[in-house]
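So the structure is just underneath, and the comments pick up after that.
Numbering (my numbering), first residue to last: 50 to 166.
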């Protein structure tokens, strides 16, 4: 049985597993100045380089290959020391396997109880 966390405690992913917050990805249909286009995913991203909170706006083309959850629900992204280890050790529902959306960045998208991480 999972231990119930107090309101003032950090989530286990941070306090126990060592994950660190990276950004909040928010789907949008609004064109935002200075968007960066990621052709492999048919999406535009913006905001992250200037947001003090790590907010990143994501605008998808109609034929984007990303799943509907990613295109419609905001996600929280974390930095982990070893993505392959984390993905193999925990029972995650993987929506998008590890990939390289930009130089020096490797990501995977998982779902937990309807939330995207």
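Note that beta-carbon positions come from the ideal geometry of N, C-alpha and C, so glycine has one too.
Quick caveat: nothing in here was measured; it's all calculated off a predicted structure.
Counting along the chain, residue 110 sits inside no beta strand (DSSP E), nor does DSSP assign it H or E at all.
Contact check between the stretch 126-145 and the stretch 79-86: fewer than three CB pairs, one atom from each, fall below 8 Å, which does not count as touching. Counting along the chain, the unbroken alpha helix (DSSP H) around residue 135 starts and ends at 132-138. 139 is the residue among 139, 153, 152, 150 whose C-alpha sits nearest the C-alpha of residue 159.
The alpha-carbon separation between residue 92 and residue 129 amounts to approximately 24 Å. Counting of Cβ neighbours within 10 angstroms places residue 165 among the buried residues, the total reaching 16 or more. Between the stretch 108-124 and the stretch 51-64 there are fewer than three C-beta pairs closer than 8 Å, too few to call the two in contact.
Taking all protein chains shown into account, residue 94 has 16 or more neighbouring C-beta atoms within 10 Å of its C-beta and is therefore buried.
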